[in-house]
Structure formats: C-alpha cells, structure tokens
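Enquirer:
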Amino acid sequence: MSELASLTTAWYDNNARDLPWRQPEIGAWPVLISEFMLQQTPVVRVLPVWREWVARWPAPADLAAEDSGEAIRAWGRLGYPRRAMRLHACATALVERHGGEVPRRLDQMLALPGVGDYTARAVLAFAYGQRHPVVDTNVRRVAARAVHGLPDAGAATTPADLTLVESLLPQAESAAARASAALMELGAVLCTARTPRCEACPLRDRCAWRRSGAALPAGPSRKPQRYAGTDRQVRGLLLAVLRHASGPVDKPSLDVVWPDPVQRERALDSLLADGLVVPRGQRFGLPGRVPADI
DNA sequence: CAACCGTGGCA
DNA sequence: TTGCCAAGGTT
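Start counting the first sequence at -14; every next residue gets the next number (the working numbering).
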C-alpha cells in the first residue's frame, strides 16, 4: 500500500473519533442514514438526529411504511430537506428492489435515489468492508495537498480523483476500507480547509504542499454561497412552519414568514414542485395521508 | 456543467 | 460581525 495510506491509517488507529455509525455491528442501513445526513452537514449536528432515526426506523421497511412527510419532519434542521425525501424514497426502493436490504453491488447502490458516487462507495466500504475509492471533500483536499502540492482541490470530484485514490489504497478489502475512513478523518480533523494542523499530521514530512510552504489559498476555494435573502432561506422558513404544525396550515400562516409576496410565492411553488409540500384544499401540508378528521 | 438546494458555527 | 465551510446529489 502507499506510504500515504499506511501513515494515515496508523494515525487513525490512535485518533479515530468514536462515532456511533462506526461501531462494527452497526449495520448497513444505519450507515446509509448517516451518509445521507452527512452530505454537506457537520457531524455534531447529525449525531442527535441520526440516533432518533435509527431508534425509530431500525430497518428500511420501517421508514418506507411511513409518510414521507414524517421523514421531512424528523429531519429537523439538518438542512437540505430534499435529502429526507430522497432517503425515504431510497428506503422504498430498498424494499421494492432489494427485499428491504442495502445492496452490496456498486451499480445497485448508484441506482438508488439520493445516492451518488460518494455515498454509494462510502456505504459499501464502511458497512460491508469493500474496497472502493471513497472520495469526498476531505479526501480530495488531502490528495490535493499531500500528492499535488496544491492548497485545495477543484470544485468537483473527477474520474482522475477516483483513479488516484484507488491507487493509494491497500489491496486487501478490509484494509482498504479502513484506509478510506482514515483519509476522510485526516481531512476532517487535521487537514482542514482553513486552519490545518500540520504539526500533528502524520504526513507532515511527506506532504508536497507543506514542503512548498503550505500557503493557504488567497480567495475562497469554492464559489461563495449566499443564503440571506435567497429563495432557500424562504423555503426554509416556510417548511419550518409546516414541520411544527400538526397538520395542514392555511395560507396566511405561511405568508407571515416573508414580506415579499413574489419571492414567497416562488419559494412555495418550488416546494410544491419538489413534493416537499402538498396542497390540501385551501391549505398546505407535508406530504402524506390526510388525517381522517380533516 | 454550473446552479441550485438549508442551516449553524466559527475564525 | 460576517464570510466561509460542512462525509453531495440532481438537473
């Protein structure tokens, strides 16, 4: 295996965070839940919600039996609530296509709703111990720095990223899966975007970036994403009203969240188009069966 | 393929 | 205080 992977894995052996979805017998479904929740959302915010979900819906069939609106409500404030709907759709697909199990083949994983290149390989590696290049933003940053001597990676994962990371992994399956977890952990804990802790890094004497001075990038690595005043903020405010309501709400209850009627209507329309909100006569609610007393 | 999709915390 | 960032996926 590459020196980079062996050094990182040795460091991981002594420094891995004790995250609940890393427990050996945790099962593929809880791992899949964690991967959905961790898409663009920090670990500390995922932890409590993940525990709730695993306790409430211990198998894909349990979630599939619920209304998708319950998934959206239980998603809470994790952000990007379309992920909740996709995870619900994913659970349904697992029941319909795979007997309620998480499949063990990459093509089957990639065909699931909300599962892309990263999530598919992450689940196969971490839940089943398979050998796949698991390339997320952390791994791409570690590779950009340690291998290429660059301060940060490009905007998106490329096929070259997968090829490179695959070449770094040990041949044995379980060792490769552990190396993948280690590379991610290094990027998440030490080799961070803004304030890397190179002194503590197992690659400090080998890292191409550090050897060349470890200059941080001048500007932002990604395109800056605004939030205040955007449709996303309005969508979030509208959905928060519905999450806290026990049933459908009337239009005035939604109108109070944002002053501009044009943007408010646009946001509501987009939520309806996404299926995150459904019309109930003159009211609006989360998707699901209508309570009998309404 | 660039844009879009939430939310909160920290430097 | 505020801009940047966080285990991406879809269109």
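Cβ coordinates follow ideal geometry from the N, Cα and C atoms, glycine included.
Going by CA-CA distance only, name the one from V29, Q218, C176 that's closest to G134.
Expert: C176
Enquirer: Taking the C-alpha atoms as reference points, what is the distance between P264 and T215?
Expert: In a straight line, the C-alpha of P264 is about 23 Å away from that of T215.
Enquirer: By the 10 Å Cβ neighbour count, where 16 or more other Cβ atoms means buried, how is A78 classified, buried or exposed?
Expert: Counting other Cβ atoms within 10 Å of its Cβ, A78 reaches 16 or more and is therefore classed as buried.
Enquirer: DSSP three-state label for I279, please.
Expert: In this prediction, I279 scores a pLDDT of 47, lower than 50, which makes its location untrustworthy; the coordinate-derived value is nonetheless stated afterwards. Coil, per DSSP.
Enquirer: For P237, report the span of its alpha helix (DSSP H) as first-last.
Expert: 236 to 240
Enquirer: Is the region -6 to 9 touching the region 161 to 168 in the sense that three or more CB pairs, one from each, lie closer than 8 Å?
Expert: They touch, by the three-pair rule.
Enquirer: Hey, could you find the ends of the alpha helix (DSSP H) G54 is sitting in?
Expert: 53 to 60
Enquirer: Identify the residues that DSSP records as bridge partners of G270: which are they?
Expert: Partner(s): V263.
Enquirer: From A105 to R249, what does the alpha carbon distance come to, in whole angstroms?
Expert: 36 Å
Enquirer: Give the single residue among D146, G221, T148, R58 whose Cα lies nearest to the Cα of H229.
Expert: R58
Enquirer: Within a Cβ cutoff of 8 Å, which residues of the same chain sit near D52, ignoring the five residues on either side of it in sequence?
Expert: L271, P272, G273, R274
Enquirer: Apart from the five residues on each side of it in sequence, which residues of its chain come closer than 7 Å, Cβ to Cβ, to L222?
Expert: V242, W243
Enquirer: By the DSSP assignment, the alpha helix (DSSP H) with R217 in it spans what residues?
Expert: Counting along the chain, the alpha helix (DSSP H) containing R217 begins and ends at 216 to 229.
Enquirer: Ordered along the chain, which non-local residues of its own chain (more than five positions away) have a Cβ less than 6 Å from that of T122?
Expert: Nothing meets the Cβ criterion.
Enquirer: Identify the continuous alpha helix (DSSP H) that holds H73 and give its terminal residues.
Expert: 67 to 83
Enquirer: Using DSSP with H/G/I as helix, E/B as strand and the rest coil, what is W243?
Expert: coil
Enquirer: Where does M94 fall in DSSP's three states?
Expert: helix
Enquirer: Look at W14 and V132 and say whether their C-beta atoms are less than 8 Å apart.
Expert: By the CB criterion at 8 Å, W14 and V132 fall outside the cutoff.
Enquirer: How many Å lie between R220 and G260 at the Cα?
Expert: 12 Å
Enquirer: Can you tell which of T142, R116, Q115 has the C-alpha that lies nearest to the C-alpha of A128?
Expert: T142
Enquirer: Nearest to T148 by alpha carbon, out of F111, V108, D102, H83?
Expert: Among F111, V108, D102, H83, the Cα nearest to that of T148 belongs to D102.
Enquirer: If we call anything under 8 Å between Cβ atoms a contact, is G61 one with V34?
Expert: G61 places its beta carbon less than 8 Å from that of V34.
Enquirer: Shortest alpha-carbon distance to Y113 belongs to which of V124, R126, P233, R7?
Expert: R7
Enquirer: Would you mind reading off the limits of the alpha helix (DSSP H) that contains S197?
Expert: Run containing S197: none; DSSP gives neither H nor E here.
Enquirer: E151 and P118 - do their beta-carbons sit closer together than 8 Å?
Expert: yes
Enquirer: Report, in whole angstroms, the separation of the C-beta atoms of A49 and M70, which I expect to be a contact under 8 Å.
Expert: So it is not a contact: roughly 13 Å between Cβ atoms.
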